[in-house]
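Count the sequence shown with the working numbering and you get residues 864 to 1278, in order. We put the CB at the ideal spot given by N, CA and C, even for glycine.
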Amino acid sequence: MLGSELPYPIDLTEIDGADDLHDPEEGGIIGSLCEKYASLYKARSAHPLVNGSTCGILAGIRTLTRPGDSVIVARNCHKSVWHAIELCRLDPICILPPIIEEHGICGAITPDAVEEAFERSGGAVCVILTSPTYEGVISDVGAIAEICRKHNAALFVDAAHGAHLGFSEHFPEFPRGADIAVTSLHKTLPALTGTALGLVFNEKYSARFARNLGVFETSSPSYILMNSIAKCADILSDRSDLFNTYRAILDDFYASTQPKKLKLIKTDDVGKISISTRNTTFTGSSLAKALRERFGIEPEMVHSDYLLCMTSICDTAENLAALSRAIITLDSEAEYLDGKSYPSFITELPPAEIPLAEAVWSNIPDGGEISNAYVWVYPPGVPLLLPGERITDEIKKHLEMLKNSGISPKIIKTS
Ligand SMILES: Cc1ncc(COP(=O)(O)O)c(C=O)c1O
864 MLGSELPYPI DLTEIDGADD LHDPEEGGII GSLCEKYASL YKARSAHPLV NGSTCGILAG
924 IRTLTRPGDS VIVARNCHKS VWHAIELCRL DPICILPPII EEHGICGAIT PDAVEEAFER
984 SGGAVCVILT SPTYEGVISD VGAIAEICRK HNAALFVDAA HGAHLGFSEH FPEFPRGADI
1044 AVTSLHKTLP ALTGTALGLV FNEKYSARFA RNLGVFETSS PSYILMNSIA KCADILSDRS
1104 DLFNTYRAIL DDFYASTQPK KLKLIKTDDV GKISISTRNT TFTGSSLAKA LRERFGIEPE
1164 MVHSDYLLCM TSICDTAENL AALSRAIITL DSEAEYLDGK SYPSFITELP PAEIPLAEAV
1224 WSNIPDGGEI SNAYVWVYPP GVPLLLPGER ITDEIKKHLE MLKNSGISPK IIKTS
C-alpha cells in the first residue's frame, strides 16, 4: 500500500484514553509522562513539546514578560529568542559573550556581565541566556539566578543543547536556578526530531506557561513524536549505564586523538566534539567537506574556523574510532598557516538605532546604514545583526571574513 512504511497505526489523535497534551489528565498517559519528566529534571512541572524548543522559548519568554518590558539577553541566543523578543515587543539589553581567544568560539556569560547589564538596564524584568551553548559552554546559572533574584527579575534558560545533562556524574548538571528552561530531547538524546521539553522550576509560572504553549504549539500534537518522548523517558529512568559507557568511549576518543595542527576544542561538555582549524590551511567548511566526502562523517555544524561533531549515548566505540582516524589523517595533511583566524562571532555590539520590535515593521530601505534583516550563519542561527541595528564597519568586515572562510551568512529580510 502507498506509504505503508509510515507509522500510521500509532498516529493517533486525542481520542478517549489518549489524553490531551494541552490539558493532561492526572494519571492519564500524557499527565503521567509530564510527572515523570518533572521528576527526571527536578522541575515543578514538565511539558513535552512537539514543535521543538522553539515553541517553548516563545511561550517561556512571553510568560515571564509583558509588552514593552526590558530584558537582558545574551547576544549569542538562538533566533527563536530574538523572535520572541520581536513578538512580545520587548526591549533587549544585550550582553556580548566573550570570545575564547584560542579558538574563536563564544565563552560563558559571567555573573559580573549580568550584574553590569542590570546597572545599564534600569529595571529589566528577565534575563535570557543559552546554557549549554551549541559547543557545550556552560554559564554559572546558579550565580546568575541569585543576581536575578536580587533584582526581582526572572531567569529563562535555553538549554536546548543540554537534555543529556544531569543523568550521570560523568557529565555536568542540568542548569539549576532558572524559573523556566527548555531543552531539545531530539538534539542530544534518542528522541525523534521536533521533540523537546518545557521545564517550569518556579510554580508561580506554571499555569501561564501552559496557556502560552497553547498559543505557540500545535493543537494537533503528533502521537508519534509523543511516543518517542515517552520512550526517551524510559531510557533516562532505566539506563544510566548508557551514560557511563558513553563517557568511557569519549575518554578513549580524546586519549587517542591528539592532532598536532588541528585542535580539539574541549568545553564543559565533552560530548560536543569541536575541531578547530585555526592557524591551519583548513577552514571549517573545507574540513567538513573532507570528513563528508572521504570518510562519510557528517558534522552537525560547520563554522568559519571550526566544526562540531555531535555525539550521544547512541554512539559506539567504532563510530568514535572512525572519527579519530579521520581527524588524524586530515591533521597529517593540514599545514600551519600562522595567524589565520576567523572568529565565529562579533566582538562589538552594533548600535540599535531602531528598537527590534519596531524595526521589523519599519520598511527600512535596502542599501542604507540600518539593517532591515536578521543576518545569521545557519546553523547555529545566532544573529550577527538584528533588524534596526547599524551596519557598522566591524559588521561588514566580519561578514566579509565569513565569506572568505567559505561560510555564507543568511539574510532574512523583515521589510
Ligand atoms: C541554542 C538553540 N536554542 C534553540 C533551538 C531551537 O530548537 P528546536 O530545533 O528544538 O526548536 C536551537 C536549534 O538549533 C538552538 O541551537
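| said: Using only CA atoms, which one of G986, H966, P960 lies nearest to P974? | reply: The sequence position of residue 974 within the sequence shown is 111, counting from 1. Closest by alpha carbon: P960.
| query | Tell me, which residues are paired with T1046 by DSSP? | reply | To locate residue 1046, count along the sequence shown from 1; it is residue 183. Its beta-bridge partners are L1060.
| query | Looking at the unbroken beta strand (DSSP E) that takes in A909, where does it start and where does it end? | reply | Locating residue 909 in the sequence shown gives position 46, where the first residue counts as 1. Per DSSP, A909 belongs to the beta strand (DSSP E) from 908-912.
| query | Under 8 Å, do E998 and S1100 count as touching if we go by C-beta distance? | reply | Here residue 998 is taken as the residue at index 135 of the sequence shown, counted from 1. Here residue 1100 is taken as the residue at index 237 of the sequence shown, counted from 1. Cβ atoms of E998 and S1100: not closer than 8 Å.
| message | Per the DSSP calculation, C951 is bridged to which residue(s)? | response | The count along the sequence shown starts at 1 and reaches residue 951 at position 88. C951 pairs with nothing; no bridge assigned.
| field | Buried or exposed (CB count within 10 angstroms, at least 16 for buried), K1050 | value | Working through the sequence shown from its first residue, we reach residue 1050 at position 187. Residue burial is scored here from C-beta neighbours: K1050 has at least 16 other C-beta atoms within 10 angstroms and is therefore classed as buried.
| task | Return the CA-CA distance between R1012 and A1070, expressed in angstroms with no decimal places. | result | Sequence index remark: in the sequence shown, residue 1012 carries index 149 (1-based). Sequence index remark: in the sequence shown, residue 1070 carries index 207 (1-based). Going by the C-alpha atoms only, they are around 21 Å apart.
| request: Compute the distance between the beta-carbons of V1063 and G919, then report whether it is under 8 Å. | output: As a position in the sequence shown, residue 1063 is number 200, starting the count at 1. As a position in the sequence shown, residue 919 is number 56, starting the count at 1. No; because the gap between Cβ atoms is not below 8 Å, this pair is not in contact.
| query | How many Å lie between K827 and I924 at the Cα? | reply | Residue 827 lies beyond the range of the chain shown here (864 to 1278); nothing can be said about it.
| Counting Cβ pairs closer than 8 Å, one from the region 925-935 and one from the region 1085-1103, do we hit at least three? | no
| query | My guess is that G1029 and F1037 are in contact by the Cβ rule of under 8 Å, so how many angstroms apart are they, rounded? | reply | Here residue 1029 refers to the residue found at position 166 of the sequence shown. Here residue 1037 refers to the residue found at position 174 of the sequence shown. Contact between G1029 and F1037 holds: their C-beta atoms lie close to 4 Å from each other, under 8 Å.
| query | Which class does I1274 belong to by DSSP, given the choice of helix, strand or coil? | reply | Translated into the one-based positions of the sequence shown, residue 1274 becomes position 411. Three-state result, I1274: strand.
| query | How far does the beta strand (DSSP E) with S1175 in it reach, from first residue to last? | reply | Looking up residue 1175 in the sequence shown gives position 312. Note, S1175: premise wrong, no beta strand (DSSP E); not H, not E.
| task | Please name the residue in D874, I1254, A1073, S1187 whose C-alpha comes closest to that of S1119. | result | As a working mapping, residue 1119 is identified with position 256 in the sequence shown. Checking every option, the nearest Cα to that of S1119 belongs to S1187.
| said: ligand 1 and H1024: does the residue's C-beta get closer than 7 Å to at least one heavy atom of that ligand? | reply: Stepping through the sequence shown from its first residue, residue 1024 is reached at position 161. Within the cutoff, so yes.
| request: Specify the secondary structure class of R1157 as computed by DSSP and reduced to three states. | output: Here residue 1157 is taken as the residue at index 294 of the sequence shown, counted from 1. The answer is helix: DSSP assigns R1157 an H, G or I state.
| said: Let's test the definition: count the other Cβ atoms within 10 Å of the Cβ of W1224 and tell me whether it reaches 16, buried, or not, exposed. | reply: Position 361 of the sequence shown, counted from the start, is the residue given in the question as residue 1224. With fewer than 16 Cβ atoms within 10 Å of its Cβ, W1224 is classed as exposed.
| query | Of the residues S943, C897, E877, H966, which one's Cα is nearest the Cα of W1239? | reply | Here residue 1239 refers to the residue found at position 376 when the sequence shown is read from its first residue. Nearest C-alpha to W1239: S943.
| Is K905 helix, strand or coil when you go by DSSP? | If you number the sequence shown from 1, residue 905 lands on position 42. Correct three-state label for K905: coil.
| message | Measuring straight from C-alpha to C-alpha, what distance separates A1222 and A1041? | response | What you label residue 1222 is simply residue 359 of the sequence shown in a count that begins at 1. What you label residue 1041 is simply residue 178 of the sequence shown in a count that begins at 1. Rounded to whole angstroms, A1222 to A1041 spans 30 Å at the Cα level.
| Neighbour-count burial assignment, V1165, 16 or more Cβ in a 10 Å radius | By 1-based counting over the sequence shown, the position of residue 1165 is 302. Classification of V1165: buried, given that the 10 Å Cβ count is 16 or more.
| said: Taking 7 Å as the cut-off, is the C-beta of D1021 nearer than that to any heavy atom in ligand 1? | reply: Residue mapping note: residue 1021 aligns to position 158 of the sequence shown, counting from 1. For ligand 1, at least one heavy atom lies less than 7 Å from the Cβ of D1021.
| field | CA nearest to the CA of L1193, picked from P1214, L1154, A1180 | value | Taking the first residue of the sequence shown as position 1, residue 1193 is located at position 330. The shortest Cα separation from L1193 among P1214, L1154, A1180 belongs to L1154.
| said: Is P1242 close to ligand 1? I mean its beta-carbon at under 7 Å from any heavy atom of the ligand. | reply: As a first step, residue 1242 must be located in the sequence shown, where it is residue number 379. Checking the Cβ of P1242 against ligand 1 gives yes.
| query | For R1102, which of I1176, E978, L927 has the nearest alpha-carbon? | reply | Here the question's residue 1102 lines up with position 239 in the sequence shown. With distances taken between Cα atoms, R1102 lies closest to I1176.
| query | Cα separation between P911 and I962? | reply | Within the sequence shown, numbered from 1, the residue matching residue 911 stands at position 48. Within the sequence shown, numbered from 1, the residue matching residue 962 stands at position 99. So the two alpha carbons sit approximately 34 Å from each other.
| request: Kindly identify the DSSP beta-bridge partner or partners of K1126. | output: Position 263 of the sequence shown, counted from the first residue, corresponds to residue 1126. Paired residue(s): S1139.
| message | For E1252, count the other beta carbons within 10 Å of its own beta carbon; 16 or more makes it buried, fewer makes it exposed. Which is it? | response | In the sequence shown, the residue the question calls residue 1252 occupies position 389. By the neighbour-count definition (other C-beta atoms within 10 Å, threshold 16), E1252 is a buried residue.
| L1200 versus A1059: straight-line alpha-carbon distance, rounded | The residue labelled residue 1200 in the question sits at position 337 within the sequence shown. The residue labelled residue 1059 in the question sits at position 196 within the sequence shown. Near 42 Å, if we compare the C-alpha coordinates of A1059 and L1200.
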